[in-house]
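Please read the structure below before turning to the comments.
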Amino acid sequence: MKNYFGMFWVVLSLFMGAMAQASPQGLGYQGRILRSDGTPLEYSSVSFIFQITDPSGQCVIYKEQINGVNMINSGGVFDVPIGSGAIIYPTSGSFKILDAFNNMATYTCLGGATYNASQGDLRKLQVQFHDGVGWNQITPDSVIRSVPFAAYSLAAEKLGDKTAAEFVLKTGIPNCAASGKILSADASGFTCVTDQAGAVVGQTSGTVAAGDDSRFSSLASDISNLTTAVSGKVSQSQFPASCLANQTLTFMSPTGSFTCSNISISGSQLSGNIAGNAAGFTGSLSGDVTGGQGATKVVALQNKNISATAPTDGQVLQWSNSSNKWEPTTLPAANPGTITGVTAGSGLTGGGTSGSVSLAVDSGTSANQIVKLDGTAKLPSVDGSALTNLNPANLSGSIPVSKGGTGATSLTADRLIASNSTGTALIPFTCGTTSMVTFDAAGKMGCTAFSATTFFANGGNAFGTSTADLGTTNNIPLNFMANGGTKMTILTNGNVGIGTTTPTNPLDVSVSTAAMAKMMQIKNSDATGGAAVNIVAGTNSVALGTWGPSAGGTVTYLESSSANGLLIDTFTNTAIRFATNGGSNERMRIAAAGNVGIGSTNPATKLDVAGEVKMGNTSATCSAAIEGSQRYNSTSKVMEFCNGSAWTPLSNSPQHLYGTMGGCQTTVTASSGGYVDLCTYTFTPTKTGTADVVVHLQDVYLTTAGTGGNFGFRLQLNATNGALNNSIFMTSIHRYGAGAVFFPPISDHWTVTAGTSYTLTLQYFSQSFAGGISLNTQGNSSLKYYDITIY
């Protein structure tokens, strides 16, 4: 489908010479269709589909199709009468286009929905056209305002939805003023007939009372003061039609009326004693007691069920865990019983099988006897080698070393223990905070200061003036470990490996992960500073760095100081890619063949751009040095190229001019006697071709106290009419109250020559107005918008 842009307007053909004439049964739809390249649609058989919808645009009330509109040599301009084509919906042959504007009607929408029109509802017009290739929608929808509705309301054919034959004219009713005459009607109309001696008017059954009948005066006396008598009384309208069973009438003060209410009282609303007895309650109980009046029973205690089995004489309720309920149970009878046997266990003596039985403790120091303290409350002499869990706190004195003790009654806390010089006791051993425990050649323990050793200590060493060396003294690599594994290796050739024990370069960093790994990070924690990696070879260097977010001109850079320039290349036949917001968002690439693609991953030319290219203006003078350059002239609104000596518009690029016409008059004469200049605009085209001109008058509307005049507009270019000789003209203009008459856009076209000055003039014509005319432009005399396109 082709793309179109254009200017569309609707002129409703309700320009009638006399108001007594019937309204037209169609609407005029005018416009112009331009393709997206600016060329007009000129096809020999254009089709249009028109749909009139409700204000929301969802309910289609009327649809018709007009075929075969010849637009050859039209410049894209068309004028199509809506109402003259083939009606697609509704299918009823009696429905006309103006029937779609009846705001007292109920419409069945295309598709089956219903639309109830309301007073003041507008309509929308939806338009499609077929250019011989496909259907195209004109957007947005046009809002149809007053004129078609006026056509419907002023139609002499119907009033609302009633025809003239359904009404009685006042002039068609005879005057029956003669004595004894009354008005009678039949299928043919109204006539005056004789009363026939009171057969119609009288005071008997089957007659009509006369206006002066005395019975009216007596009726008036019967109902005198009725309003005063019923004032303040409850009226029937204050009561509901009916209430349901058990409901109560409740007066609602906000509405001043009665309503039916369900009255319920909760237990919390009751207090004190309520007269009556249990025989007066209704309903059923629940919980430990269930049942209704006269049939209640206890089925549980504290929410624990009671067995349904009835108890017998002498039974009690006993809780049963196995059945999880209270059950009737018979208690056992009283029975004193007898001893059948008592056996003395280990450590005891005695026992028996009947009569009085006694037990005694078996004490002594033999096997299986209980040890008994002597008269001094001490244990007798026994073998205590099997004793455990003795409490040393209950021992008196110290145990000598010779007996397996320490030879001391106390020791200093948190100290090493060593033997004294004689070996007869254990004593605490202590070194200073900067010392370590050492042993001499004889194995004697002592203290030596760290600074006097050659060991590397946590926290640092003081080696004096000599260099501290950490490493190996033979042909063995040096490994550094963490968490039980080797993390860094220094080979004997000096290569350093992080994450590898076989580095092949002076610094070799290796990881093994499926995710993106940060192999090295150089960080400056000061947000105002920078961080960089600088690679130097002789006098040449290249740096990769960045500045912190608070450093002012924040930038990340790749910078070379080499006299030979900076080379970015690939060693294989692959492309160089540029991406933003992640590597998957490629923006530009240089293909292996040297073609540059922006938005294209397979550029076919030296520069291949997938999308729009914006060019700006330039003040550079066209010369041989920049021959072939292009620019956009923002003044003339055209693309230009440098041919080596001058900037020249591209041959197929139209020139587009638009703006507001200045110096417009706001007050014009009631009768101009011909077309008179209203506004002007002067321009000099940079292109030779056809100038399509459109002046939008939607912000210009006519206000006048007079009525019945004719008014119109037309365009001239250098005092010459256009090829279409177009004009907008309305006759018999009437202004009601504070209303206004709006005008649609006006268009025409001329042939122009580049470099020639032209003056576009908007002219008006007025005739037969009774009073002065004001062209109200909201206080702005430059609201006539012009739109000029030169092809």
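Be aware that the sequence shown starts at 1407, since it is given in the numbering used here, and climbs by one per residue. Note that beta-carbon positions come from the ideal geometry of N, C-alpha and C, so glycine has one too.
What is the DSSP secondary structure of Gly-1753, counted as helix, strand or coil? Coil, per DSSP.
Nearest-angstrom Cα separation, counted from Ser-1728 out to Gly-1689: Their Cα atoms are separated by approximately 35 Å.
If you follow the beta strand (DSSP E) that Val-2158 is part of, which residue opens it and which one closes it? In the DSSP annotation of this structure, the continuous segment of the beta strand (DSSP E) that includes Val-2158 starts and ends at 2152-2158.
Measuring straight from C-alpha to C-alpha, what distance separates Trp-1541 and Ser-1453? Put simply, the backbone Cα of Trp-1541 is about 9 Å away from that of Ser-1453.
Got a sec, what are the start and stop residues for the beta strand (DSSP E) Tyr-2081 sits in? Here Tyr-2081 belongs to no beta strand (DSSP E), and DSSP marks it neither H nor E.
Excluding the five sequence neighbours on either side, which residues of its own chain have a C-beta within less than 6 Å of the C-beta of Gly-2095, listed in chain order? For Gly-2095, same chain residues with a beta-carbon under 6 Å away, outside a window of 5 residues either side, are Ile-2196 and Tyr-2197 in chain order.
Please look up how many angstroms separate the CB atoms of Gly-1444 and Pro-2060, rounded, as I've assumed it's under 8 Å. Going by Cβ atoms, the distance from Gly-1444 to Pro-2060 rounds to 5 Å, so yes, they are a contact pair.
Is it true that the segment 1932-1946 meets the segment 1905-1923, where meeting means three or more beta-carbon pairs spaced less than 8 Å apart? Here the segment 1932-1946 makes no contact with the segment 1905-1923; the two share fewer than three CB pairs at distances below 8 Å.
Select from Arg-1995, Ala-2010 and Lys-2012 the residue whose C-alpha is nearest the C-alpha of Ile-2004. Cα-wise, what sits closest to Ile-2004 is Arg-1995.
Okay, do the segment 2154-2173 and the segment 2036-2051 touch, 3+ Cβ pairs below 8 Å being the bar? Short answer: they don't touch.
Do Tyr-2064 and Asn-2124 have their C-beta atoms within less than 8 Å of each other? Going by C-beta atoms, Tyr-2064 is not nearer than 8 Å to Asn-2124.
With 16 other Cβ atoms within 10 Å as the buried cut-off, status of Arg-1350: Limits of the chain in this structure are 1407 at one end and 2197 at the other, which puts residue 1350 out of reach.
Whole-angstrom distance between Phe-2149 and Ser-2172, CA atom to CA atom: Using only the alpha carbons, I get a separation of about 14 Å.
If you count every other CB in all the chains shown that lies within 10 Å of the CB of His-2062, and 16 or more means buried, which is it? Counting every other CB atom within 10 Å of its CB across the protein chains shown gives His-2062 a total below 16, marking it as exposed.
Taking the alpha carbon of Lys-2012 as the reference point, which residue from Gly-2000, Asn-2023 and Met-2021 has its own alpha carbon closest? Among Gly-2000, Asn-2023 and Met-2021, the Cα nearest to that of Lys-2012 belongs to Gly-2000.
Which of helix, strand or coil does DSSP assign to Gly-2115? Under the three-state reduction of DSSP, Gly-2115 is assigned to strand.
Should Thr-2092 go down as buried or exposed, given a rule of 16 or more other Cβ atoms within 10 Å for buried? Buried is the call here.
Let me know if Tyr-2170 comes out buried or exposed under the rule of 16 or more other beta-carbons within 10 Å of its beta-carbon. Of the residues assessed, Tyr-2170 falls on the buried side of the cut-off, its CB having 16 or more other CB atoms within 10 angstroms.
Identify whether Ile-1458 lies in helix, strand or coil by the three-state DSSP scheme. Strand, per DSSP.
For Met-1658, count neighbouring C-beta atoms within 10 Å of its own C-beta (all shown protein chains included) and say buried if the count is 16 or more, exposed if not. By the 10 Å Cβ count, Met-1658 comes out exposed.
Can you say whether Ser-2042 is buried or exposed, counting buried as having 16 or more other CB atoms within 10 angstroms of its CB? If you draw a 10 Å sphere on the C-beta of Ser-2042, you find 16 or more other C-beta atoms in it, and that means buried.
Here's a check: name, in chain order, each residue in its chain whose Cβ is nearer than 6 Å to the Cβ of Thr-2090, leaving out the five neighbours to either side. Closer than 6 Å at the Cβ level, and outside the excluded window around Thr-2090, lie Ser-2163.
Look at Leu-1754 and Leu-1737 and say whether their C-beta atoms are less than 8 Å apart. No, they are not a contact pair.
Going by beta carbon distance, what residues of the same chain come within less than 8 Å of Tyr-2142, once the five residues before and after it are set aside? Confidence at Tyr-2142 is low in this model, with a pLDDT of 46, below 50, so the placement of that residue should be treated as unreliable; the coordinate-derived value is given next. Contacts found: none.
Smallest Cα separation from Pro-1912: which of Gly-1903, Ser-1918 and Thr-1919? Answer by Cα proximity: Gly-1903.
Through-space distance from Ser-1490 to Asn-1473, alpha-carbon basis: When rounded, the distance between both Cα atoms is 10 Å.
What would DSSP say about Lys-2093, mapped onto helix, strand or coil? If DSSP states are grouped into helix, strand and coil, Lys-2093 belongs with coil.
Gly-1434 (DSSP reduced to helix, strand or coil): In the three-state scheme derived from DSSP, where H, G and I count as helix and E and B as strand, Gly-1434 is classed as strand.
Inter-residue Cα distance where the pair is Gln-1427 and Met-1510: Caution applies to Gln-1427, whose pLDDT of 39 falls short of 50 and renders its modelled position unreliable; the model cannot decide the point.
Would DSSP call Phe-1507 helix, strand or coil? Under the three-state reduction of DSSP, Phe-1507 is assigned to helix.
Which stretch, first to last residue, makes up the beta strand (DSSP E) that contains Val-1843? Segment 1841-1845, the beta strand (DSSP E) holding Val-1843.
Taking C-beta to C-beta, are Asn-1476 and Ser-1451 nearer than 8 Å? The criterion of a C-beta distance shorter than 8 Å is satisfied by Asn-1476 and Ser-1451.
How would you call Ser-2006, buried or exposed, if buried means at least 16 neighbouring beta carbons within 10 angstroms? Residue environment: Ser-2006 is assigned as buried (16 or more neighbouring CB atoms within 10 Å of its CB, all protein chains considered).
Does Ala-1426 come out as helix, strand or coil in the three-state DSSP assignment? Below a pLDDT of 50, predicted positions are generally treated as unreliable, and Ala-1426, at 33, falls in that range; the measurement from the model is reported next regardless. Reduced to three states, the DSSP call for Ala-1426 is coil.
Contact under 8 Å by Cβ, Ala-1824 with Met-1842: No, they are not a contact pair.
Between Gly-1758 and Ser-1752, what straight-line distance do the alpha-carbon atoms span, to the nearest angstrom? Approximately 15 Å between the Cα atoms of the pair.
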